[in-house]
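J.: Below you will find the structure I want to go over with you.
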Amino acid sequence: MIKSMTAFGRAGKTVEGRMYAVEIRSLNGRYRDVTVHMPPQFVPVEDQIKKLVSTRISRGRVTVMIKVKNDSQAVSDIHVNLPLCKAYYGALCKLNETLQIEEKVGIQTLLGMQGIITATAPEEDLEKTWLPLSSCISEALEGLDAMRISEGTAIYQDFQKRLQSIEDSLSRIRVSAPSVLSQYHDRLKERIATLTQGAVDIEPNRLVQEAAFLAEKSDITEEVVRAESHLKQFRTMIETDNPAGRALDFLLQELNREVNTIGSKAGDAQLSHVVVEVKSELEKLREQVQNIE
16 MIKSMTAFGR AGKTVEGRMY AVEIRSLNGR YRDVTVHMPP QFVPVEDQIK
66 KLVSTRISRG RVTVMIKVKN DSQAVSDIHV NLPLCKAYYG ALCKLNETLQ
116 IEEKVGIQTL LGMQGIITAT APEEDLEKTW LPLSSCISEA LEGLDAMRIS
166 EGTAIYQDFQ KRLQSIEDSL SRIRVSAPSV LSQYHDRLKE RIATLTQGAV
216 DIEPNRLVQE AAFLAEKSDI TEEVVRAESH LKQFRTMIET DNPAGRALDF
266 LLQELNREVN TIGSKAGDAQ LSHVVVEVKS ELEKLREQVQ NIE
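Those letters in the sequence shown? Residues 16 to 308, per the working numbering, in order.
Right, here's the structure in full:
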């Protein structure tokens, strides 16, 4: 089953008055790269989050966004720094006296001073939090995977169409291949006749040998056979459940190499045109392969 690397998944739930929201985005990437953005108190479970994501994704750049919001009943630890408050008060009173300001130092003024009151969140119970958080992440991954499969299905159908086109073209090349010897024989005979203007009598056997030698150098049978073999392997790989993006990319490189060789050997204009068509389809296949896991 082909899966796209580009997808999005989202999930959210509320457990014991705490709201969890998770968004996961994946993009094309040669390797797996997972980045997690979350509240500071959840940093200790970052590795666990990455491992959870890695069970579902083997390739691509993945970004996980985690937001956690407590309800109004969640209480932080409020701390009043009395020594600092007294110090501020004394300093402000002295300042009023020095500047002969009659206004009294009030509580509102003191509350505006830095460090008078600090609020710290209660210590996070990560063992208790991990269950709902991991459940939310798994649900987001399910949505992500569904989109990856949907996109992968469209790519699979495009693969089938282009593979059939390439196979048809290779069949045309295979049918045309045996005519190479005859073409080279005729070309060689015509060229010799032109150069000698009939003044030199060439032995038929020697002419056949030279034509066979040139034809052998231009024989494309092996390249066609290897290209067809690569296509069969490609079809087999896209039917498996294993990630095959890198292997498919390698196969397309090999296919392109064989087709280039066919193009360089083929002296026939029609064959050259078919080779151009095949290379065009291979390029489109390779663009699609960059999108799959």
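Backbone N, C-alpha and C fix where the C-beta goes; we use that ideal spot for every residue, glycine too.
Because the structure is a prediction, the values reported are computed rather than measured.
#1: From Leu125, Ile253 and Lys101, pick the residue whose C-alpha is nearest to that of Ile307; which is it?
#2: What is the rounded straight-line gap between the Cα of Lys294 and the Cα of Ile181?
#3: According to the Cβ coordinates, are Leu297 and Asn271 closer than 8 Å?
#4: Candidates Glu157, Ile81, Gly130 and Gly24: which alpha carbon is nearest Met53's?
#5: What is the DSSP secondary structure of Thr255, counted as helix, strand or coil?
#6: Whole angstroms is fine: what's the gap from Asn275's alpha carbon to Val290's?
#7: According to DSSP, is Val58 part of a helix, a strand, or is it coil?
#8: Taking the DSSP output, what are the residues bridged to Gly24?
#9: What does a CB cutoff of less than 8 Å around Phe23 pick up in its chain, not counting 5 residues either side in sequence?
#10: Please name the residue, chosen from Arg187, Ala242 and Val304, that lies closest to His288 on a Cα-to-Cα basis.
#11: Assess, as a yes-or-no matter, whether the segment 57-65 is touched by the segment 107-116 under the definition of 3 or more beta carbon pairs within less than 8 Å.
#12: Output the boundary residues of the alpha helix (DSSP H) element that contains Ile72.
#13: Taking the alpha carbon of Thr21 as the reference point, which residue from Gln123, Ser73 and Met34 has its own alpha carbon closest?
#14: Identify which residue in Leu263, Glu31 and Gln285 has its Cα closest to the Cα of Lys143.
#15: Go to Ile132, then tell me how far its alpha helix (DSSP H) extends in each direction, as first and last residue.
#16: Quick one: Cα of Gly75 to Cα of Gln303, how far?
#17: Considering only residues of the same chain and omitting the five flanking positions on each side of Arg301, which have a CB-CB separation below 6 Å?
T.: The short version:
#1: Reading the sequence shown from its first residue, position 292 is the one you call residue 307. The shortest Cα separation from Ile307 among Leu125, Ile253 and Lys101 belongs to Ile253.
#2: Here the question's residue 294 lines up with position 279 in the sequence shown. Here the question's residue 181 lines up with position 166 in the sequence shown. Whole-angstrom Cα-Cα distance: 9 Å.
#3: By one-based count along the sequence shown, residue 297 stands at place 282. By one-based count along the sequence shown, residue 271 stands at place 256. Taking a C-beta distance under 8 Å as the contact criterion, Leu297 and Asn271 qualify as a contact pair.
#4: Position 38 of the sequence shown, counted from the first residue, corresponds to residue 53. Of Glu157, Ile81, Gly130 and Gly24, the residue nearest in Cα terms is Ile81.
#5: The residue you call residue 255 lines up with position 240 of the sequence shown. Coil at Thr255, not helix or strand.
#6: As a first step, residue 275 is located in the sequence shown; it is residue number 260 there, counting from the start. As a first step, residue 290 is located in the sequence shown; it is residue number 275 there, counting from the start. When the Cα atoms are used, Asn275 and Val290 turn out to be separated by approximately 8 Å.
#7: Sequence index remark: in the sequence shown, residue 58 carries index 43 (1-based). Here Val58 sits in helix by DSSP.
#8: Here residue 24 refers to the residue found at position 9 when the sequence shown is read from its first residue. Per DSSP, Ile39.
#9: For the purposes of this step, residue 23 is identified with residue 8 of the sequence shown, where counting begins at 1. Counting only Cβ-Cβ distances below 8 Å, and skipping sequence neighbours, we find Glu38, Ile39, Arg40, Ser41, Gly158, Leu159 and Met162.
#10: Position 273 of the sequence shown, counting from 1, holds the residue named residue 288. Ranked by Cα distance from His288, the first of Arg187, Ala242 and Val304 is Arg187.
#11: When C-beta atoms of the segment 107-116 are compared with those of the segment 57-65, fewer than three pairs fall below 8 Å, so the two segments do not count as touching.
#12: Counting from 1 along the sequence shown, the entry for residue 72 is found at position 57. That residue, Ile72, is in no alpha helix (DSSP H); it is neither H nor E in DSSP.
#13: Walking along the sequence shown from the start, residue 21 turns up at place 6. When Gln123, Ser73 and Met34 are compared, the shortest CA-CA separation from Thr21 is found for Ser73.
#14: Along the sequence shown, one-based indexing puts residue 143 at 128. For the residues Leu263, Glu31 and Gln285, the minimum Cα distance to Lys143 belongs to Glu31.
#15: Taking the first residue of the sequence shown as position 1, residue 132 is located at position 117. In the DSSP annotation of this structure, Ile132 is not part of any alpha helix (DSSP H); the continuous beta strand (DSSP E) holding it starts and ends at Ile132 to Thr135.
#16: Your numbering for residue 75 matches position 60 in the sequence shown. Your numbering for residue 303 matches position 288 in the sequence shown. Cα to Cα, Gly75 sits roughly 14 Å from Gln303.
#17: Working through the sequence shown from its first residue, we reach residue 301 at position 286. Taken in chain order, the residues that qualify are Leu267.
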